[in-house]
Amino acid sequence: MKVFCGETYEEASKIAASIIADQIKNKDNSVLGLATGSTPIGTYKNLVEMNKSGEISFKNITSVNLDEYQGLDGSHDQSYRYFMNTNLFDHVDIDKSKTFVPNGSEADDVKACDDYEKTIASVGGVDLQLLGLGHNGHIGFNEPGTPFDSKTHKVALTESTINANSRLFASIDDVPRFAYTMGIGTIMSAKAVLLLVTGEDKRDIIDKVCHGPVTEDVPASVLQNHPNVILVGDKAALGDNFAAELR
Ligand code: GLP
Numbered sequence: 088m089k090v091f092c093g094e095t096y097e098e099a100s101k102i103a104a105s106i107i108a109d110q111i112k113n114k115d116n117s118v119l120g121l122a123t124g125s126t127p128i129g130t131y132k133n134l135v136e137m138n139k140s141g142e143i144s145f146k147n148i149t150s151v152n153l154d155e156y157q158g159l160d161g162s163h164d165q166s167y168r169y170f171m172n173t174n175l176f177d178h179v180d181i182d183k184s185k186t187f188v189p190n191g192s193e194a195d196d197v198k199a200c201d202d203y204e205k206t207i208a209s210v211g212g213v214d215l216q217l218l219g220l221g222h223n224g225h226i227g228f229n230e231p232g233t234p235f236d237s238k239t240h241k242v243a244l245t246e247s248t249i250n251a252n253s254r255l256f257a258s259i260d261d262v263p264r265f266a267y268t269m270g271i272g273t274i275m276s277a278k279a280v281l282l283l284v285t286g287e288d289k290r291d292i293i294d295k296v297c298h299g300p301v302t303e304d305v306p307a308s309v310l311q312n313h314p315n316v317i318l319v320g321d322k323a324a325l326g327d328n329f330a331a332e333l334r
């Protein structure tokens, strides 16, 4: 695992964006795995600026997102499709027909998940997967206990995730209880992974993820078994726990 630490959230976002930009420069038709949540917003802002200044182009890029709430269609302002449009896709030269998010409005979960795995296979798999981290170590919506070989599947969100995400909805009752997510096996088949972790509230969990045992109780700990992971964090999240590994 390569580890980079920015002094602040802004600096970490710049580092993450430059890693994604290098991927695009090296392979202009890359397949990017993208993530939602508050953590990557700064990274997307930087990518938008780099696109506007002509440093990078998304013209030939394909993207696949990690997850989507079941029951929300793309026009709902809390759907992950809406998040991606407003934080990135609407502001760069990407061909939206090549941006994929699990279909939250598909009620047949077997179909929604099979279709999504087929989509990922048909674009040739993910070159670089961006990941945030949940407080319980979840990646995408893969909560503790999810099998490491899981493919895209329907999940019941845990109380802690529902509570964490309720800040974004009018009331906790409005938070969807189910989601479709890439599985851990799906995530692990990406050629490279960029794990972005910021904020003091993630300090303990990122230490556990990287330095604790590899266990399904801490979903992201599986990344210790991935051959090509880059961790980008800020001082608040990494603290002194990664001093020996810093680049
Ligand atoms: C959500 C998303 C995850 C995300 C996590 C952390 O549950 N499904 O993909 O990584 O929350 O979010 P944040 O970056 O807002 O802390």
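Under this note's numbering, residues 88 to 334 are what the sequence shown spells out, in order.
Even for Gly, the Cβ is constructed at its ideal location relative to N, Cα and C.
None of the values given here were measured: they were computed from a predicted structure.
Option in the options with minimal Cα separation from residue i
i, options, result
"Phe176", "Gln157, Asn152, Ser192 and Ala199", "Asn152"
"Pro189", "Ile259, Tyr156 and Leu244", "Tyr156"
"Asp115", "Asp164, Val90, Ala103 and Ile181", "Ile181"
"His298", "Gly286, Glu287, Thr268 and Ala331", "Ala331"
"Val213", "Ser150, Gly158, Pro263 and Thr126", "Ser150"
"Ala277", "Asn312, Lys289 and Thr285", "Asn312"
"Ala279", "Arg254, Leu217 and Val197", "Leu217"
"Thr239", "Val197, Ser140 and His163", "Val197"
"Val118", "Lys146, Thr285, Gly191 and Arg168", "Lys146"
"Ser237", "Gly272, Cys92, Ala243 and Val179", "Gly272"
"Val305", "Ser258, Glu230, Phe256 and Tyr167", "Glu230"
"Ser144", "His178, Thr123, Ala122 and Asn174", "His178"
"Ser253", "Ala199, Ser184, Asn172 and Gln165", "Gln165"
"Ser184", "Ser192, Asp201 and Thr206", "Thr206"
"Ser192", "Tyr167, Thr248 and Glu204", "Tyr167"
C-beta atoms of residue i and residue j nearer than 9 Å
i, j, result
"Ser100", "Asn133", "yes"
"Met88", "Val309", "no"
"Met269", "Gly120", "yes"
"Gly129", "Glu94", "no"
"Ala251", "Arg290", "no"
"Ile107", "Leu215", "yes"
"Gly286", "Thr126", "yes"
"Phe91", "Leu244", "no"
"Ile274", "Gly227", "yes"
"Thr173", "Asp154", "no"
"Lys241", "Ala257", "no"
"Gly320", "Ile293", "yes"
Sheet register partners of residue i (DSSP bridge)
i, result
"His240", "Thr268"
"Gly320", "Cys92 and Val284"
"Tyr156", "Ala266"
"Ser150", "Leu119 and Thr186"
"Ala279", "Leu215"
**Q.** Runs of beta strand (DSSP E) wholly within the region 193-233 (minimum 3 residues, chain order)
**A.** Listed in chain order, the complete beta strand (DSSP E) runs (minimum 3 residues) inside the region 193-233 are 215-218.
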